[in-house]
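Q: Sending over a structure as structure tokens; questions will come in a sec.
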Amino acid sequence: GAGVSQTPSNKVTEKGKYVELRCDPISGHTALYWYRQSLGQGPEFLIYFQGTGAADDSGLPNDRFFAVRPEGSVSTLKIQRTERGDSAVYLCASSLGGGVAYEQYFGPGTRLTVT
Amino acid sequence: GNSVTQMEGPVTLSEEAFLTINCTYTATGYPSLFWYVQYPGEGLQLLLKATKADDKGSNKGFEATYRKETTSFHLEKGSVQVSDSAVYFCALYYNQGGSEKLVFGKGTKLTVNP
Numbered sequence: 344g345a346g347v348s349q350t351p352s353n354k355v356t357e358k359g360k361y362v363e364l365r366c367d368p369i370s371g372h373t374a375l376y377w378y379r380q381s382l383g384q385g386p387e388f389l390i391y392f393q394g395t396g397a398a399d400d401s402g403l404p405n406d407r408f409f410a411v412r413p414e415g416s417v418s419t420l421k422i423q424r425t426e427r428g429d430s431a432v433y434l435c436a437s438s439l440g441g442g443v444a445y446e447q448y449f450g451p452g453t454r455l456t457v458t
Numbered sequence: 313g314n315s316v317t318q319m320e321g322p323v324t325l326s327e328e329a330f331l332t333i334n335c336t337y338t339a340t341g342y343p344s345l346f347w348y349v350q351y352p353g354e355g356l357q358l359l360l361k362a363t364k365a366d367d368k369g370s371n372k373g374f375e376a377t378y379r380k381e382t383t384s385f386h387l388e389k390g391s392v393q394v395s396d397s398a399v400y401f402c403a404l405y406y407n408q409g410g411s412e413k414l415v416f417g418k419g420t421k422l423t424v425n426p
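Protein chains in written order, with the working numbering: chain S, 344 to 458; chain F, 313 to 426.
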């Protein structure tokens, strides 16, 4: 079946611009996670959705970052007033449910470059 | 806080060599532990996991044992192949006070030469 998909695969934007990154989880997966992976680092947690609600947004670095999942399926990560330090690969993962019993399946990521 | 430390890479081995990638963790309570792998051009995939002390996770010839006394989860494989070339990430699963997330190490790049 289809895995987690993310669009766009690459995004280049100028400093100060607004960007949206999209994640399509595996059908039927209620849990959705966003991570950010900077060069040479492991993925860093940003936010976790259970259904439509953000169950844990403690990883969002500041109020320029926001994510939504209005219908409990597709999620959009929104970044306002982008900065060069936001350049990274943004990963999305989904799982059947929250908790350690459910494997997180990762998408291929969106590579964001802020110039 | 919760964190994972894994050995610095890159690691270069010849085919059929023995592999160890060290991983230690710091956590409150007893987290579940994971190894993820990222093959060139592909997304992160779960390789193996262990959910309690002394559990051994295994998959594709790789093994790791959850050692509570040394807070470690070292990845091993007896005979690596060229196809094992990838970046390996150790991670712990943190679930406390409504917060629920994977915490990853920095990754170790493995290159296996024929």
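Each residue gets a CB set at the ideal place from its N, CA and C atoms; glycine is no exception.
Does the segment 432 to 447 of chain S touch the segment 369 to 379 of chain S, meaning 3 or more C-beta pairs lie closer than 8 Å?
A: Contact between the segment 369 to 379 of chain S and the segment 432 to 447 of chain S is present, because at least three Cβ pairs lie under 8 Å.
Q: Looking at the strands, I want to know which residues DSSP matches up with Lys368 (chain F).
A: As a working mapping, residue 368 (chain F) is identified with position 56 in the second sequence. Answer is F:Thr377.
Q: Keeping to the same chain, check which residues put their C-beta closer than 6 Å to that of Gly373 (chain F); ignore five residues upstream and five downstream.
A: On the second sequence, residue 373 (chain F) is found 61 positions in, with the first residue counted as 1. Counting only Cβ-Cβ distances below 6 Å, and skipping sequence neighbours, we find Lys389.
Q: To the nearest angstrom, how far is it from the Cα of Val417 (chain S) to the Cα of Glu327 (chain F)?
A: Counting from one through the first sequence, the residue named residue 417 (chain S) turns up at place 74. Counting from one through the second sequence, the residue named residue 327 (chain F) turns up at place 15. The alpha-carbon atoms of Val417 (chain S) and Glu327 (chain F) are separated by roughly 42 Å.
Q: The beta strand (DSSP E) with Thr395 (chain S) in it runs from where to where?
A: Your numbering for residue 395 (chain S) matches position 52 in the first sequence. Unbroken run through Thr395 (chain S): none, as it is neither H nor E.
Q: Between the alpha carbons of Phe392 (chain S) and His386 (chain F), how many angstroms are there, rounded?
A: Position 49 of the first sequence, counted from the first residue, corresponds to residue 392 (chain S). Position 74 of the second sequence, counted from the first residue, corresponds to residue 386 (chain F). Between Phe392 (chain S) and His386 (chain F), the C-alpha separation is close to 31 Å.
Q: Would you mind working out which of F:Asn371, F:Gly355, F:Thr336 sits nearest Glu381 (chain F), comparing C-alpha positions?
A: Position 69 of the second sequence, counted from the first residue, corresponds to residue 381 (chain F). Cα-wise, what sits closest to Glu381 (chain F) is F:Thr336.
Q: Please state if the CB of Ser397 (chain F) and the CB of Thr423 (chain F) are separated by a distance shorter than 8 Å.
A: Within the second sequence, numbered from 1, the residue matching residue 423 (chain F) stands at position 111. Within the second sequence, numbered from 1, the residue matching residue 397 (chain F) stands at position 85. Result yes, Cβ atoms of Thr423 (chain F) and Ser397 (chain F) sit closer than 8 Å.
Q: Relative to the C-alpha of Ser411 (chain F), which residue among S:Glu363, S:Leu389, S:Pro413, S:Glu357 is closest?
A: Position 99 of the second sequence, counting from 1, holds the residue named residue 411 (chain F). That would be S:Leu389, whose Cα lies nearest to the Cα of Ser411 (chain F).
Q: On the DSSP letters alone, give me the boundaries of the beta strand (DSSP E) that Asp465 (chain S) sits inside.
A: Here chain S covers residues 344 to 458 and nothing more, so residue 465 (chain S) does not appear.
Q: Under a Cβ-count criterion, where at least 16 other Cβ atoms within 10 Å of its own Cβ denotes burial, should Lys360 (chain S) be classed as buried or exposed?
A: The count along the first sequence starts at 1 and reaches residue 360 (chain S) at position 17. Exposed, because fewer than 16 other Cβ atoms sit within 10 Å of the Cβ of Lys360 (chain S).
Q: Buried or exposed: where does Tyr448 (chain S) fall if 16 or more other Cβ atoms within 10 Å of its Cβ makes it buried?
A: If you number the first sequence from 1, residue 448 (chain S) lands on position 105. When all chains shown are included, Tyr448 (chain S) counts as buried.
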